[in-house]
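Trainee: Can you read through this structure? Questions will come right after.
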Amino acid sequence: MSSFEIILLLIGCLLASSVFSQVLPRVSLPLVQIALGAVVGLFVTADPTQVFRDPELFLVLFIAPLLFEESRHADKQALLRFWAPVASLAVGLVIVTTLTCGAALHLADPNIPLAAAFALGAALGPTDAAAVAAMGADVTLTRRQKSLLSGEALFNDASGVVCFEFAVVAATTGEFSAGHAAATFAADFFGGIAVGLVLGALIALVVRKVRDLGLETPTEHVLFEVLTPFVTFLAAEELGVSGILAVVSAGLLMRLSPRGLTVEASRHALASESVWELLTFAINGTLFVLLGMKLPATLGPILRVSQGTDAAVVCGLVVLATAIVVGIRLAWVLALEKIHRARHAHEYAGTGTAALVRSATVTCLSGPKGAVTLSIMLTLPYLTADGTTFPQRSLLIFVASGVILLTLLLANFIVPVLAPAEDTTEADAALARARAQILRAVIDELAERATPETRAATRLAIRSYRERLDSVLEVEASAETVRDLRVRVIDEQIAFVSRQAAEGRADAELAERYAAALEQLRGAYELHHGVSGGRARRRAHVMRISQALRGQASEEQRHELAELHRAAEKHAVDALTAMSGELTNEERRAARMIAGEHRAHLAMCLSGGYGEGARLRQRVREQARDIEAEGLGLELEQIRRLHDAGHLSTRAARELREEIYLLQMGLDAR
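One point on numbering: in my numbering, the residue at position 259 of the sequence shown is 670, and numbering is uninterrupted.
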């Protein structure tokens, strides 16, 4: 299989994982991607890592941008407040894990050289807190836990890579000096930080000069940011210091640099966030899919005893490595928690040992191994300095993959039990009610402001608002209730159209055609159980009516059919209003949503949506866009009023404002 085909396969797996993660919300995205990769790996015999001929490319292509992105979002206050425990976890715990895990694996299987075992232990030091973030609303972490996990993940990657590099040098050359290693470690560590700070300051200076000259655009700004980790890493490695630490320090410097609140800065930030979100998803996803794809290929030779290690021993090594990594981490976090609670005894008065152990266990398991560990292991060279094969390379990668999988499983299924998400049902319902109240107020305000010249455009804008209101109300009624009420309304419309024809108010042939279209729509609702697609099916029905109006019918017939459609839509709204007294509360919520759909289509009829010239329709749409922009401003004002009156919390108001800002950007992009 060619490299291009493997890349396409990886992209396809990423797309599929994004879909499956929505279908399986309780399973974290990394586990979904690993599973997809494993399934693909059963059918693809080629080594997926062959795309990257040089193992060192994994450091440059994957680790450097990931760490740079993490450092860009570092919490400044949290790092300053919890710097001591973060440093302890990021450096001390990694070194202890490297030594303990390496020694234990070498003792368990002497076929693994000590230096190679240390390399595996170093790779198992870094954590992947982003894997827990993928679990979303299933987990509740305290601010201290989040700060420790994010700070640790930022710096332990660097310390893990440095330890790994020392171990690999020892494994490939067979030479190791503790004194020389300590001196080199210090030079790498502090030299990398210094080079990163210098390069970060230099890049920031260049960006500022370009900005002052008025030459910077969002595209150039994003390109500068994307290139920064690669340039910084390569420059630092060329100077003989840690490229990883250089990337982290450069990212932190750019994060800590003050930036003014300007329109251009905001545009740059929005563009940057979008690009980095895509990049981090692609990088993390690619690594987890690669992990899954390599599992069958790596396990096969091991099961065939190709390296003198049988399957039971291999699985035992995975369990042993996982137990050591988790056990050391739990003991370390327990010690940190005891020290913290002893210093802040007044904050934890009344909490016992059980609460301490639970908190420490959550923090421990919330730091699973992930993409960084795998990418580090994939940088293992194929050959040693004397040209022989690197000892037990496939076995080491498989053990690392197994530890990643087990720690992810623990994080995905144990952490939600120990730290379940808070019940937000009432808060979500209150927010939905606030959204509905705001949208109704804006609809009323826009209707009052309409003039004869803007009435058609206002109706189109209100249709858009009613669709948004429908989506809010949709969550307040069950799928079956909405479906049954839709079918009931269509029956009312069919009966109305038949009466119109019987009383001579509508042409019998046109009424029969229209009733047939309604019956087809009713059949679609009865066939598809649920709310999903309801508005889409009604829009398809409206499009059929529109096509009939533009078909071979005469001008008089098109006019009669348009009038019949308007009358049927109006009757649907009236019928829903008339039956409201006999409906349950849930049915009333569904009725409001369905009535909004009919009002929206009625507005399209009245705005000249059928049988009018293209130029007139275009002018009305442009006016409607301006009115929608005006409505978004009214929404912000409604949010302010509700917040000032105490009916909306600060957090909810911020969330609603962010939604409006996104809608404003989307409106500008239309």
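Note that beta-carbon positions come from the ideal geometry of N, C-alpha and C, so glycine has one too.
1) Could you pull out every residue in the same chain whose Cβ sits closer than 8 Å to the Cβ of A1002, ignoring the five residues on either side in sequence?
2) If distances are taken between C-alpha atoms only, which option among I854, R879 and V814 comes closest to L442?
3) Can you give me the start and stop residues for the alpha helix (DSSP H) that T583 sits inside?
4) Give the DSSP bridge partners of T800, in chain order.
5) Roughly how many angstroms lie between the CA atoms of S717 and T799, to the nearest whole one?
6) At what residue ranges does the segment 741-826 contain a whole run of the alpha helix (DSSP H), taking only runs of 4 or more?
7) Could you have a look at V438 and say whether DSSP puts it in helix, strand or coil?
8) Taking all protein chains shown into account, do 16 or more other C-beta atoms lie within 10 angstroms of the C-beta of H632, making it buried, or fewer, making it exposed?
9) Quick one: what's got a C-beta closer than 7 Å to L698's C-beta in the same chain, skipping five residues either side?
10) Would a C-beta distance cut-off of 8 Å place L453 and P640 closer than the cut-off?
11) Between G603 and F644, what straight-line distance do the alpha-carbon atoms span, to the nearest angstrom?
12) In whole angstroms, what separates the C-alpha of D721 from that of L560?
13) Please report how far the alpha carbon of F824 lies from the alpha carbon of D623, in whole angstroms.
14) Three or more beta-carbon pairs under 8 Å between the segment 567-583 and the segment 498-507, yes or no?
15) Among the candidates A928, E481 and G562, whose CA atom is the shortest distance from the CA of I901?
16) For L767 and K749, what's the separation of their Cα atoms in angstroms?
17) Check each candidate in E998, D855, Q556 and V434 and name the one with the smallest Cα separation from L745.
18) My understanding is that A592 touches M665, with C-beta atoms under 8 Å, so please give their C-beta distance in whole angstroms.
19) Specify, as a first and last residue, the run of the alpha helix (DSSP H) that M665 falls within.
20) Where does P476 sit, in a helix, a strand or coil, going by DSSP?
21) Starting from R977, trace the alpha helix (DSSP H) in both directions and tell me its first and last residue.
22) Select from R894, S909 and S1060 the residue whose C-alpha is nearest the C-alpha of I1005.
23) Would you kindly work out how many angstroms separate the C-alpha atoms of I873 and V984, rounded to a whole number?
24) Tell me the residue span of the alpha helix (DSSP H) that contains S909.
25) When the Cα of L821 is compared with those of F809, K780 and V810, which residue comes out closest?
26) Would you list the one or two residues that DSSP bridges to V550?
27) With DSSP collapsed to three states, give me the class of T628.
28) Quick one, which of A753, F600, A1063 and E1048 has its alpha-carbon nearest E837's?
29) Whose C-alpha, out of S882, R999, G1044 and Q968, is nearest the C-alpha of R924?
30) Ignore the nearest five residues each way along the sequence and tell me which others in R752's own chain have a CB closer than 7 Å to its CB.
31) Can you look up I735 in the DSSP assignment and give me helix, strand or coil?
32) Give the secondary structure of S429 by DSSP, where H, G and I count as helix, E and B as strand, and everything else as coil.
33) Indicate the three-state DSSP secondary structure (helix, strand or coil) for V451 in the structure shown.
34) Going by beta-carbon coordinates alone, are G607 and V658 separated by less than 8 Å?
35) Grab the span of the alpha helix (DSSP H) containing L1082 for me, first residue to last.
36) Classify A578: buried if its beta carbon has 16 or more other beta carbons within 10 angstroms, exposed otherwise.
Mentor: To lay it out plainly:
1) L896, L987, M990, S991 and L994
2) V814
3) R554 to T584
4) According to DSSP, T800 bridges with L794.
5) Interpretation of S717 is limited by its pLDDT of 44, a score under 50 that renders its predicted location unreliable; the figure taken from the coordinates is listed afterwards. S717 and T799: Cα-Cα distance of roughly 17 Å.
6) 764-776, 782-788 and 804-824
7) coil
8) buried
9) F473, A782, L785 and S786
10) no
11) 9 Å
12) If I take the Cα positions, the gap works out to 36 Å.
13) 51 Å
14) yes
15) A928
16) 8 Å
17) Q556
18) So it is not a contact: roughly 31 Å between Cβ atoms.
19) G654 to L667
20) helix
21) E966 to A989
22) R894
23) 16 Å
24) A890 to A913
25) With respect to the C-alpha of L821, the residue from F809, K780 and V810 having the closest C-alpha is K780.
26) According to DSSP, V550 bridges with P831.
27) Coil at T628, not helix or strand.
28) A1063
29) Q968
30) Y759 and L767
31) helix
32) helix
33) Helix.
34) If you check the CB distance, G607 and V658 come in under 8 Å.
35) Outside the displayed span of the chain (412 to 1081) sits residue 1082, for which this structure offers no information.
36) So A578 counts as buried.
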